[in-house]
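Q:
Now the structure itself:
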């Protein structure tokens with residue numbers, strides 16, 4: 019029964035973990051019924067012994083507490099914690115991609131998150147500490163500009179593949195401390211950006227290889243997150259990873275905010291909203307089922323107002339009104 023499966027998954031959470039880590043997700047890879055492996059869904063089958071091969075995702079307790087505090091100060095309560103690439107996958111991946119085999123590479127500001135899927139199941143996850151902010155730092159140091167200027171240059175003129183940058187297009191670089199402006203070709207900016215983007219993708223390639231599913235990715239990889247917005251990142255990814263690559267934008271949306279959030283940088287946010295509407299989308303068990311007593315007490319004692327989805331929609335509308 020479904021209760022048998024749930025009890026089994028809950029039993030898998032009884033593993034020794036460092037004191038500073040907590041389980042976020044327990045995702046079944048396959049079930050084994052009386053020695054018969056490769057069972058995707060054992061509900062309804064007859065047997066004496068039920069086992070499971072699971073993928074356990076953990077997170078730092080301190081990071082989780084900081085998220086709780088941040089969300090609660092904004093006037094909301096935390097229902098669950100979801101790993102970032104999992105959330106992004108809900109909004110940018112097609113179900114047939116998850117079945118055939120795909121790697122999701124979510125390039126954010128501080129981290130790049132990787133998730134490998136096959137047979138509708140997540141097979142490997144990784145978080146690496148090299149992402150878009152490092153590209154901005156390289157531009158800042160390479161051109162001698164302020165950080166906000168470097169970020170603007172990256173967004174407005176950045177190209178991930180120097181060979182595809184227009185060398186005839188000139189960029190004005192602002193002077194610092196009363197110094198004169200200088201002019202460089204767009205290809206010169208790309209030559210600063212490309213090595214760091216290559217590093218991000220090379221580390222992602224190593225993680226995909228480490229997963230053991232590198233040869234199972236029938237549709238290649240999907241790139242999302244704000245760091246993937248640099249033009250021709252997909253072309254560079256195809257070159258570095260040796261597989262097909264496409265840009266991942268939130269899809270399957272309807273309503274008044276579709277255009278505003280149909281951008282890779284909103285992939286995680288949109289995915290979290292979709293997860294909130296359908297938490298069974300992950301499968302397995304999640305932190306919401308094993309929250310600490312401290313968190314449960316704080317949530318149970320919270321005042322009840324508008325529904326979560328109503329408050330999220332109203333807050334998002336307010337954000338875009340301010341833009």
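Residue numbers (my numbering): 19 to 341. Ideal Cβ placement from N, Cα and C applies to all residues, glycine included.
Just checking, does the stretch 136 to 143 make contact with the stretch 69 to 88 on the three C-beta pairs under 8 Å criterion?
A: Counting Cβ pairs under 8 Å, three or more are found: they touch.
Q: Bridge partners for residue 135 per DSSP, in chain order?
A: In DSSP, residue 135 forms a bridge with 120 and 140.
Q: Three or more C-beta pairs under 8 Å: does that hold for the stretch 110 to 120 against the stretch 207 to 218?
A: With the cut-off at 8 Å, the stretch 110 to 120 and the stretch 207 to 218 do not touch.
Q: Determine the contact status of residue 289 and residue 109, defining contact as a CB-CB distance below 8 Å.
A: Result yes, Cβ atoms of residue 289 and residue 109 sit closer than 8 Å.
Q: Considering just the uninterrupted stretch of the alpha helix (DSSP H) at residue 108, what are its terminal residues?
A: Run containing residue 108: 102 to 110, per the alpha helix (DSSP H) assignment.
Q: Nearest CA to the CA of residue 263: which residue from 285, 236 and 48?
A: Among 285, 236 and 48, the Cα nearest to that of residue 263 belongs to 236.
Q: Report buried or exposed for residue 35, applying the criterion of at least 16 other Cβ atoms within 10 angstroms of its Cβ.
A: Label assigned to residue 35: exposed.
Q: Could you spell out where the beta strand (DSSP E) holding residue 55 opens and where it closes?
A: Residue 55 -> beta strand (DSSP E) spans 54 to 57.
Q: If you drop the 5 nearest sequence neighbours on each side, which residues of the same chain put their C-beta closer than 6 Å to that of residue 249?
A: 177, listed in sequence order.
Q: Are the beta-carbon atoms of residue 134 and residue 121 separated by less than 8 Å?
A: Yes, the Cβ-Cβ distance between residue 134 and residue 121 is below 8 Å.
Q: Once DSSP output is grouped into helix, strand and coil, what is the label at residue 82?
A: It is helical.
Q: Using the Cβ count rule (16 or more neighbours within 10 Å means buried), how would you classify residue 25?
A: Its Cβ having fewer than 16 others within 10 Å, residue 25 is exposed.
Q: Short check: CB of residue 239 to CB of residue 224, under 8 Å?
A: Contact: no.
Q: Taking all protein chains shown into account, do 16 or more other C-beta atoms lie within 10 angstroms of the C-beta of residue 245, making it buried, or fewer, making it exposed?
A: It counts as buried.
Q: Can you tell me whether residue 276 is buried or exposed? The criterion is at least 16 other CB atoms within 10 Å of its CB, across all chains shown.
A: Exposed, since its Cβ has fewer than 16 Cβ neighbours within 10 Å.
Q: DSSP three-state label for residue 46, please.
A: If DSSP states are grouped into helix, strand and coil, residue 46 belongs with the strands.
Q: Please list, in chain order, all residues of the same chain as residue 174 whose beta carbon is under 8 Å from its beta carbon, the five residues on each side excluded.
A: No residues qualify anywhere along the chain.
Q: For residue 165, does the three-state DSSP call read helix, strand or coil?
A: DSSP places residue 165 in helix when its eight states are reduced to three.
Q: For residue 125 versus residue 163, is the C-beta distance shorter than 8 Å?
A: Cβ atoms of residue 125 and residue 163: not closer than 8 Å.
Q: Identify, in the order they occur along the chain, each residue of the same chain with its Cβ nearer than 6 Å to the Cβ of residue 65, setting aside the five sequence neighbours on each side.
A: Here the set comprises 51 and 52.
Q: Taking only the alpha-carbon atoms, compute the straight-line gap between residue 234 and residue 267 and give it to the nearest angstrom.
A: About 23 Å.
Q: Give the DSSP-derived three-state secondary structure of residue 219 in the structure shown.
A: If DSSP states are grouped into helix, strand and coil, residue 219 belongs with the helices.
Q: Under a three-way DSSP split, which group does residue 77 fall into?
A: Three-state DSSP puts residue 77 in a strand.
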